[in-house]
Structure formats: structure tokens, C-alpha cells
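Asker: Mind looking over this structure? Questions follow.
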Amino acid sequence: MISIQLILLIIFGLVAIWFGWRVFMTSSMVRSALSLLGSMVAIGALFLVMEAEFLGVLQIMMMGTEMSIMAVFMMMYMMDPGGLGNMDMSHQKNLSIAAGVAVTVLITGAVLFADWGTIVTQVPSPHEQNRLLGMEILKRSMMIFETAGVTILTGMIASIAVALSIKSSREK
Amino acid sequence: MELLITALIIAAILFGIGLYGALSQTNLVMIMMGIELMLGAAMVNLVAFWRYLHPEAFSIQMFVLVAMTVMALEGAVGFAIATQRFRTSGSVEMEESAELKG
Amino acid sequence: MTPFLNGFIISLLFVGGVYVVAVLERWSMTGNVNWPGPARSFYLLFAQEEIKTRKHDKVFFETAPILFIGVILLTISILPFGRGSVMVDLGTGALFINAALVYVMVSLLMVGWAVNGVYAMVGGWRALAQLIAYSMPVVMVLTATVMRAESMFLTDIVESQQSLWNILYQPVGFMLFYISALAITFLPPFDLPVAEGELAGGVWADLTGARKLLFRLGRLTLVLTLSVAVVVLYLGGWMGPWLPGFVWTFLKTFLVATSFFAIGRYMPRIRHDHLLEYNWKYGVPLALYNIFQVGIVLLL
Amino acid sequence: MIALLLTILGPLAASIWITVTRKQIGYAALTGSLTSLIGSVLLFLYMIEGQIITTSFAGLPGLPFRLEATELSAVLALVVSVITTFIFIYAIGYMAEEKGKLRFWSGISLFLGAMQLLVLAGDWILFVMAWEIMGFASYLLIGTWYWKKEAGDASNKAFLMNRVADLGLYVGVFVIILASGSSRIAAESVQGISMVGALALLLAVMGKSAQVPFQSWLSAAMAGPTPVSALLHSATMVAAGIILLLKAFPLFSPDALIWVGSVGGVTILLTGATAVFSEDIKRMLAASTSSQLGFMVLAVGAGYPAAAVAHLIAHAFMKSSLFLGAGIFQHEIGSTKYEKLGAAGKKLKLTFSGFAVAGLALAGIPPLIGFWSKDAILTAGLQADPAVWYFPAALAGAFFTAIYMGRSFGILWKGRSEPEEKPKKLAWMQLGLLTLVSAVVAGWLFLDPLVEVAGFSVPKDNIAMISGLVVASIGLVAGWFATTPIIKNRVWMFFRDNYPVAGGYTNVIVQPVQMLANGANQIETRLLQSVFTIGTVFLAVGRWLADVPDRATAYVIDWIGAFNLKIARLSGFTDDKGIVEGIARLVDSVQRIGYYGRKIQSGLVHRELAWSVYGMVFALIIILLTYL
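Protein chains in written order, with my numbering: chain Z, 1 to 172; chain L, 173 to 274; chain U, 275 to 574; chain W, 575 to 1202.
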């Protein structure tokens, strides 16, 4: 039986896959970054379809910022003249294709053959989800959340430290 | 049952594409994009499991949040390294950075 | 009144509102209130010839305006105008506002890049920097209001201001949100992306005709939306002694809009580094402090 | 009641006074005996009026002490106090120059008190106590001159012999108390005591009254001063046995009386023979005392206590006067041996006359006191139904008595002697002697009524009287002519020395006792030795133990030290061998690994990624396999 949810799921799934494919096919950097944004938004939509509303909205919001930053970096490094030159920056093509296909086949095999037990249809309301997720974060997995926070902090500091140019320290 | 399977298959395909991207691209940023895509596929998997198997276990959603932080962090650090690479060797292509060999 | 009639009246009022905002914008530029002015300029733009730059990025060039307008309409849909009159009462409404605003930035970026012009690109990156910067305090301040309402439903947030409006409950939060709103809609003090002097119109430099009209119209609705957001979040939404709910929201909205343009009229454009510095060094910490303070007040 | 106390406590108070103050001891003792005399006279007067005074005071639980002045005891108390008073008078003169006055007077007063207590005792326990005190007093008095060897030995011998005999008394008294349930000396007995009890009492009597097996201590006791011999060893102490028999007479069963009679008879014959053959006047008198006591025991055994009482009283007076006379001779001549005493009578005519009168009375010449009592015993012996041979034994005894008295008269009188010089200061001694002799002469006046008063009737029999007279006269004449000095043949000696069977007292008793003492002494020393050795052993062990812990700890510590050393060496070895080299080896192995490892490293990121993908694929496969 095909439900709306299934249809939506398939549509957005295909959109995500197409955008994912576009990322590596386009020649222009910005276009690949934004297509990645597109696939991420599709994934966010998938979350919404699967009624994980908070996660969906969060995904859409977060990815927007991140992908735009990525776009900026792409331009900085690639000196891409606006997607006009069609250069192909990939190597060991067939190995990666083989690997990609092999992994996909394996995972789909696992998915198809494993029996997943009963499918739950009912899901708590979004408001309830938010509350429970909040509880979860601040009660049981407070530890994980805190460590995530700390890791972000360290990540920031590390990246800044790495990114700072050595030249300036030498001149002083 | 089909819902779960379709979601998982979509995630698997996304993962495959991401993997292909990561392996095939020469550019560091492109490799990072591949990795981001793979992480996105993983998140789809997680949400699918949460939605269809254990809606009451919110640790899965917690895990998705952690995955998001991982994506963000990975991006940040990757760009830092990329800037250093760019600053030292002028380009971010992976071929030129072979001098790290043992 | 039936909900349908209610909805119809609200949409009428909204369109009127947009026109009023257009008038206000012209007032802030020229100083005098010229009612027919906006209508005439819209018509002119509409008739203007479509010019495309050389080697523009076709995909982005087309999608940018549509994304811009679409996002703003999404934001309007979740904002409650009256007690029951909200188009989509989203579970995570508060967060959705910010999620939408991010894509305003994305669309600006696209336009900046798609036009393949230097000024446009620089304007686009400025928009990127500015909007990323100012979306941070918005998110944090939003969490403060959510904390008070203990739910993300915007209607609940308005209900929570029953006893005391948020403007008095968390003044720091209100001030930050007000400034961020200005920055997000790149109104004059913060209109760096579309700065006429420096960037010759910045992002919109190479746009003509209907595309430019769309962007100008989008910005106006964005201003109106954000002022409604300000009203909903901080000025107690439809709370008011005698008049029906939505009347109060629109009154407050026009009040906020006029204040936006008043500030724009009297303040010079901020330097780019100041813009970012104020945000990252003072805005975000203040926002965190605001969360902290609201938490304390809540717990007392 | 007061009379009772006077008689008993008077002398005791005197003896305490003497030992404490040591002044006027002679006259103090005399006053003590006078008080006792007054008390006994009062008692006698009460008794005549028919009042029997008894007092009883706290004693053992359920067995109260009782003092009873029955007819018999009152009479005896009177007799004892009279004799003691005269002897004290004699003793004041006698002891004037002698040493050991303090010990003599206190002892003799104590003895008098004990004797009165014994006589007046109404219950057996008090009786036993008196009996013991007397034994102790006799030991003290015999040993008054304790620095002389014979005196010391004699007192020991007397005391030991009496102790052995007293055992019988104890057993007897226990049997009586157990049988009758109370310790009263009842006039009539409810039911007789068993044979064992009777024989035990008989043993006590033999001990105390110096009957046959136990008579040697009496002859040895002559080593004491003469008043002691006179008072204790003739009149009072030795009579205690007879008093015991009289008090316990009702309890005796007929066949027990036979035993008593036989003991009496045997003693008469043997000690009579000893007296005849003795060479010393005092020993002769001692032996005669034993035989006279034998007469009394025989009378009791024959069932006539009355005869025994009469003879007891008569004998008391006669024998004490004889002893006093002998004392005067010893005082003057300086020795009591017959060789020395030849013709002593001529020198001391007055003393000799008194001595002679008493001797004749003893032999049994009619007008004197002795004749009546002897006669009573002879008739008792004749009329006694059980024993046919009682009479001939008594007759033989009388004959022996007559012989040795005649012999002593002969020795004292015959032979030349210096002219009689006026003896100096014998006044006190002669006064005592003459008063006693006057009592002996007046005997026949008060003896019979006295015995009647004592509640006994004296048996009379013509045949016994005539045979007694004949035997006495023949004996005296034989004795007078048999004064030749004793020839030292073995049989003679045997008789004289109290039948020293198997070496006599010294061998039979002293030797074993000494051997026993030596043995004990040896055991003692050996014990001491062993204790010492044990002590030293323990000391050694202690010392060893004391330093066992030290040695043990020392041992353990140095073992630990050694162990540590070993560990140290081992760890040293392992350190430089194991760790140092181990690390060296580790280091260069790591280097080698590093060297090989380096080759794999391609430096190309994508190749590394490829490797990680291969790993992932491999892992996936494994998961799939395990899962399916």
C-alpha cells in the first residue's frame, strides 16, 4: 500500500540523491557546494516526512549556514572562474566507483535481508518530541551533550590555531 | 515495512555517492563534501530507525544531534587544514601533498 | 467572525501593511511621506527591460528570487496574528523563523554569485558575513523566549506574555532581537550588502526589471514579517484591552516598522568590521547573558 | 555453781598468775590449791545434803559442756584437793633450792585444775579435754629439769606413750556419742556400747594408768622432781584411767569386763615382779603403783567398782606419803639407789618412821587404811563370778607388794650409818609427809563412810581377809631378809627393766621412730634437693625461654635479611638483564616495524581513504555473515 508518506519519502529521497550526484558532477565549485546544500535540505525534508520535526528544521537551518561557508571556501581555494572552465578534478575513478557500488550493494543487501521487527506507526506529537528530547538531553545523556559542547569548543580553538598564519608570529 | 526499507535504501545510495565522491576527488574540500554527504546518509538512517523502530528512545535523536556537531566540527577543522595547505603549497589538491610520505 | 472571514481580513491588512512599509521606506530615504510614490516606482520597475549579465550562472540567477520570496512567505505562515488565526501552527515555530532567515542569506549569496559581477559578489559575501553573524544572537534570544513559554509554539509564547510582556521580562533579549532584525533585513544602518555608495547597489547592482522588483518587494515583506515577529515575541502579540487580537498585532507592527525606518533615517551606515565586531564580541555574549538572566528569573 | 568454778578455776588462775607475774609463785600455787580445796569441801557438803550441782554451758552444737558434782566426783574432788594441798606444802620446801621453779609451779597448778575438771566433767568432750591437758601437764612437769638428758627423754617417752593410748579414748568417746546420741555421762546407760568402744576405752586406761604394755613410761617418769611423782604418778593422774573406768562402768558389757579384769591381773603380776627386782627406790615405787592400779582395774573387771574406789583413795594417800619419804631420802642422801640408801633410815628416823607406816599400810596390815581396801579387792576377786583366777592373781599381787615393801624396809634400816646429824630446814617437807601419814593411819575411820557416801557398798569376806593377812605377813618377813644386792643375771635384769622385749622401748619405738625421722629427713632433704634442681632447671628454662624469642627473632630477622638479599640480587639481575636489554630489544624491533611500516605509507590521502574503505567493507561483510 503506498502512503503519502512513502510517496513523499521517495520524492525527497530521489531529490537528495540527484543533488548528491550533482555535487560530484558539476565542474563549478559553488554549484557543487550549493547542490550539496540542496541534498542536505532534501535530507531535512526527509526528516520532516518522518515526523522528526525538530531535527528536520534544525538540519535545514544548520546546513544552510554550513554549506554557504563551504561555498565561500570553495571559491577561495579553487580560483574557479565561476564554473565556466570544465576541469575534472577526480582520479582513481573506477576504484572509487567500484567501492561506492560495492558498499551500496552490501548495505542494501543487509537492509533487505535483516528482519527489522515490528514497525511502529504511532509517534509522539512534535511538541511532545521537543519536550522529551530536551529531557533526554538534560537528563540521561547530559554527559554526551556536554562532551559534544566541549568538543565543539576544542574544535574551534584547534581550527583557529591551525588556520593562523605562522608568518605573523615570526615577524613579531 | 516498505517505508523503513525505502528510507534505508535511499540512505545507502547517498552513502555510496558520498563514498565515491570522497575517494575520487583530488580536492580536499570536495573530499570533505563527500564525507558530509556520508554523514547525512547516516543521519537519515538514524532518523529512519528512530521513526520506525523505537519512537520512544530519544537517545537516537540525541545521536543525530551529535552527528550534526561532528559534521560541523569536521568542516571547521577541514577548512583550517585546507587554509594551511593552501598557504604553504598554494593549492588544495591532494596530489601535491604527498611529501608527508614516510 | 468565522475563521475564513478572519483570515481574509488579515491578508488584506497584510498587503496594506506592505504598501505602508514601502511608503515608510521612501520616507526614510526622502524624508517626506509620499503615498503614491511606491506604487509608481513598482509600475516603472515592472515595465523595465530584462538585462542579463554575460556568463551569468543560469541556475542560480533563476532560483535566487524565487527562494527569497518563498522563504519569506514561509515565515509569514507560522506567525500568529490573532488568537486562533495562524496559518501553520508549527511545533517548532520559533526555530523555524531562524531556519527561514538563513535561506534569505543563501538567496542573496546566489544572486551575488550568479550575476558574475564583482560588486555583486562582494555584496553577496558581505550579506553572508552579516547574516551569519546576526542570525546567532537571533537563535539564542529566541531560546530565551522559548524558555519563558516552555514550548516552541509561537501561540504559547504569546500566551506566556499574559502577565508581563517579554520586552519588560527580558529587555536585553528584545534589544538584541531588534538590532538583529535590522541587520537581517539589511535596513539602512546595516545595509552593507546593498550599499549604494560603496558597492553601487551591491547585490542588486546588476538586477533590473521584474527580478529587482521581486527583491525589493521581498525585502519589504521581510521587514513587515520581522516586525510582526518582534511584536509576537516581545510585544505580547494580540494582547490588548479592547480591540480584537489581530488589530492589536497590526498596530504594534506598524509602530515597530516606523521605528525601524526612523533609525535608518537618522543613523549612518556602520563600517563592515564594526558590524562584525559588535556582533561577535558584544552581541553573542549579551545573548548568552540574556539566556542566563532569563533562566535565573524563571527559577526564582 | 560457784563451788564448781572455784575448784576448777582456782588452780588455773594461780598457774596463769604465776606465768604472768613470776612473784611468790610457791605461795600463789598453794593459795590456788587451797581455793580448790574450799570449793571441793563446799561441793562435798552440798552433795551430802543431796543437792547435785550441775551447770551446762555452750559447747559444740547439740553437745553442750556439762559440769556435774555427783557423789563419786565430789568425793574424788575432795580427796584430790586434800592430797594436792599437802603435796604443795611439801613441794614449797622441796623446790626451795631446786631450779625450774616457774615451770614446776605453773605446770602443777595447771595439772590440779585439769584433774578437778576431769573429775567433775559431766560430759565426755570436757572429759577428753581435761585428759589431754593432764597429759600435757605431765609432759611439762617430767621435763622441769629439761637440761638433764633422762628428764628430756622421759618426758618425751611419757608423752608419746600417752598419745598412743589417748587414741583409744578418742575412738571410745566417738563410739559413745554416736551410740547414745548425746555426750552426757549418764549414771545408768540406756544400752551398752559395742565391744570395739569398750576395748578402745580399755586401751586409754592402760595408757594412762601405766598398765602392762605401757608401764615403762612411769618408771622413766621418776626423772622428774619428787612432788610431781608423788602427786601425778601415784595419786591423781594415773588414777584418771580408773576414774574413766568408773564413769564408763555402766556402758561396759560383761565380756568387755573380762578383758578389763585380765589386763588388771597381768599388770599386777608383771609390775609386781619388776618392783621386787628393782634397784632404785623410786623405780620400785613406780612399779608398785602400776601393780596397785592393776588391782583397781581387776576390781572393776570383777564387777565391783566400789572396791576400786576404796583402793584408789587409800592408795593415793599411801603412795604419795611413800614418794614424799623417798624424796626426803633423795634430798638428803643425794641419790635413790639402794646401795647408797643403806642404813639411811637410821639417819632420818622421823622420815623412816613415816615411810614405814605408809609401807605397812600398802602391804595390807589391819589397822591401816591399806588393809581395808586390799581386803575389799580380794573379796571382789573371790566373789567375781566370771574369772576363777582373779583371786589367786590378787593374792599373788598382795604377796609381791609385801615382799618389795619388806625389802625396802630392810635396805633402809640395816647397815651402819653415821650418827644422826640434825637435818637442816626439812620442816616444810616433813610437815607435808606427816600430815599424809596421819591420813593413812586414820584411814579406817573415814574410808568406809566415804565410800558409802560415794554411793558404793564395800564387799566384805572373811576368807579373803584371812588369806590377805597371811600373805602380807609372809611377804614382809621374806622381804626383810632379801635385802642382798641384786646379782646381774639376765633374767633378773629382764624383770628389772620392765621387760625390754626386743630391746624394749628404745628399740621398739625410738629406733623405728628415729629411723622414720631420718628417712623423713632424707626424703625432706632429697625433696629440697629436687626442688632446688627443679628451680635451677626452671631458671635455666626461663633464661632459655627468655632469650628464645630473641634468638627466634634474631633467626627470623637474619633469615629475612638473607631473603631480601636474594631478592635484591634477583631484582638486580632481572633489572639489568630483563628490563634494560628488554627495552633495547623492544626499541630496535619498533624501529624495524617503523622501517617496514614506512613503505606502506603512500602519503596520498585518497589511497589511505581507499584502505579505510576496504576495512569498512570487510567489517560490513563480517557483520553480515555473523548476522545471517
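Even glycine gets a Cβ: it sits at the ideal position worked out from N, Cα and C.
Please read all numbers here as calculations on a predicted model, not as lab measurements.
For a test of the three-state rule: what should DSSP assign to F631/W, helix, strand or coil?
Answerer: If DSSP states are grouped into helix, strand and coil, F631/W belongs with the strands.
Asker: Quick one, which of G1168/W, M1003/W, L694/W, S756/W has its alpha-carbon nearest E642/W's?
Answerer: It is L694/W whose Cα lies nearest to the Cα of E642/W.
Asker: M62/Z: buried (16+ other C-beta within 10 angstroms of its C-beta) or exposed?
Answerer: Buried, since its Cβ has 16 or more Cβ neighbours within 10 Å.
Asker: Can you tell me whether G933/W is buried or exposed, with buried defined as 16 or more other CB within 10 angstroms of its CB?
Answerer: Buried.
Asker: Restricting to Cα atoms, I'd like to know which of F748/W, V745/W, L714/W is closest to F733/W.
Answerer: Comparing Cα positions, the closest option is L714/W.
Asker: For V41/Z and chain W, any beta-carbon pair shorter than 8 angstroms?
Answerer: Chain W, which has no Cβ nearer than 8 angstroms to the Cβ of V41/Z, makes this no.
Asker: If you check the beta carbons only, do Y377/U and G20/Z fall under 8 angstroms apart?
Answerer: Against a cut-off of 8 angstroms, the Cβ pair of G20/Z and Y377/U comes out as no contact.
Asker: Let me know if E1155/W comes out buried or exposed under the rule of 16 or more other beta-carbons within 10 Å of its beta-carbon.
Answerer: Label assigned to E1155/W: exposed.
Asker: Could you tell me the distance, in whole angstroms, from the CA atom of A968/W to the CA atom of I590/W?
Answerer: Rounded to whole angstroms, A968/W to I590/W spans 44 angstroms at the Cα level.
Asker: Nearest to G447/U by alpha carbon, out of G569/U, L287/U, A321/U, I283/U?
Answerer: Out of G569/U, L287/U, A321/U, I283/U, G569/U has the C-alpha closest to the C-alpha of G447/U.
Asker: If you count every other CB in all the chains shown that lies within 10 Å of the CB of F1030/W, and 16 or more means buried, which is it?
Answerer: Buried.
Asker: Classify D942/W: buried if its beta carbon has 16 or more other beta carbons within 10 angstroms, exposed otherwise.
Answerer: The amino acid at residue 942/W is misidentified as Asp; the sequence shows Leu. Looking at its Cβ environment, which holds 16 or more other Cβ atoms inside 10 Å, L942/W is buried.
Asker: Just to make sure I have the definition right: I need the residues of chain U whose C-beta is within less than 8 angstroms of the C-beta of N130/Z. Which are they?
Answerer: The contacting residues are G365, T366, S425, M426.
Asker: Is it right to say I582/W is buried, meaning 16 or more other beta carbons lie within 10 angstroms of its own, or is it exposed?
Answerer: I582/W should be labelled buried.
Asker: Ignoring anything shorter than 3 residues, give me the beta strand (DSSP E) runs that lie fully in the region 779-807 of chain W, in order along the chain.
Answerer: If we require 3 residues or more, the region 779-807 of chain W turns out to have no beta strand (DSSP E) run fully inside it.
Asker: Could you run through the region 1123-1137 of chain W and flag, in chain order, every residue whose CB is less than 7 angstroms away from some CB of chain Z?
Answerer: Answer in chain order: no residues at all.
Asker: Does the beta-carbon of H548/U have 16 or more other beta-carbons within 10 angstroms, so that it is buried, or is it exposed?
Answerer: Classification for H548/U: exposed.
Asker: Would you mind stating whether I346/U and A503/U have Cβ atoms separated by less than 8 angstroms?
Answerer: No. Outside cutoff.
Asker: For a contact defined as C-beta to C-beta under 8 angstroms, what are the partners of V23/Z on chain U?
Answerer: Neighbours of V23/Z on chain U: none; closest Cβ ~14 angstroms, over 8 angstroms.
Asker: Between E323/U, F335/U, E336/U, I343/U, which has its C-alpha nearest V497/U's C-alpha?
Answerer: Measuring from the Cα of V497/U, the nearest candidate turns out to be I343/U.
Asker: Can you list, in chain order, the residues of the region 223-249 of chain L whose Cβ is nearer than 9 angstroms to any Cβ on chain W?
Answerer: From the region 223-249 of chain L, no residue has a Cβ closer than 9 angstroms to chain W.
Asker: Along the region 198-224 of chain L, what residues have a CB closer than 8 angstroms to any CB found in chain W?
Answerer: Of all residues in the region 198-224 of chain L, T198, L200, I203 have a Cβ within less than 8 angstroms of some Cβ in chain W.
Asker: Would A1126/W be called buried (16 or more neighbouring beta carbons within 10 Å of its own) or exposed?
Answerer: A1126/W is exposed by the Cβ-count criterion.
Asker: Show which residues of chain L have a CB atom less than 8 angstroms away from the CB atom of R31/Z.
Answerer: The contacting residues do not exist; R31/Z stays about 12 angstroms from chain L at best.
Asker: How should I887/W be labelled, buried or exposed, when 16 other C-beta atoms within 10 angstroms of its C-beta is the threshold for buried?
Answerer: By the 10 Å Cβ count, I887/W comes out buried.
Asker: Please tell me whether I4/Z has its Cβ less than 8 angstroms away from any Cβ of chain U.
Answerer: No, I4/Z does not count as interfacial toward chain U.
Asker: State buried or exposed for Q789/W, treating a residue as buried only when at least 16 other CB atoms are found within 10 Å of its CB.
Answerer: So Q789/W counts as buried.
Asker: Using a beta-carbon distance below 8 angstroms, is S261/L in contact with chain Z?
Answerer: No, because no Cβ of chain Z sits closer than 8 angstroms to the Cβ of S261/L.
Asker: Between the beta-carbon of G398/U and the beta-carbon of V385/U, is there less than 8 angstroms?
Answerer: Against a cut-off of 8 angstroms, the Cβ pair of V385/U and G398/U comes out as a contact.
Asker: Give the range of the beta strand (DSSP E) segment to which R640/W is assigned.
Answerer: Unbroken beta strand (DSSP E) run through R640/W: 637-642.
Asker: Can you tell which of A958/W, R981/W, L616/W has the C-alpha that lies nearest to the C-alpha of V850/W?
Answerer: Out of A958/W, R981/W, L616/W, R981/W has the C-alpha closest to the C-alpha of V850/W.
Asker: Please check if any C-beta of chain L sits within less than 8 angstroms of the C-beta of V1164/W.
Answerer: Not closer than 8 angstroms to any Cβ of chain L, the Cβ of V1164/W fails to qualify, so no.
Asker: Report buried or exposed for F24/Z, applying the criterion of at least 16 other Cβ atoms within 10 angstroms of its Cβ.
Answerer: Classification for F24/Z: buried.
Asker: For the alpha helix (DSSP H) that E433/U lies in, which residues bound it at each end?
Answerer: From DSSP, the alpha helix (DSSP H) with E433/U extends over 428-434.
Asker: If you scan the region 693-740 of chain W from start to end, which runs of the alpha helix (DSSP H) of 4 or more residues do you find wholly inside it?
Answerer: Whole alpha helix (DSSP H) segments, 4+ residues: 698-716.
Asker: Does G109/Z have its Cβ less than 8 angstroms from a Cβ in chain W?
Answerer: Interface residue, yes.
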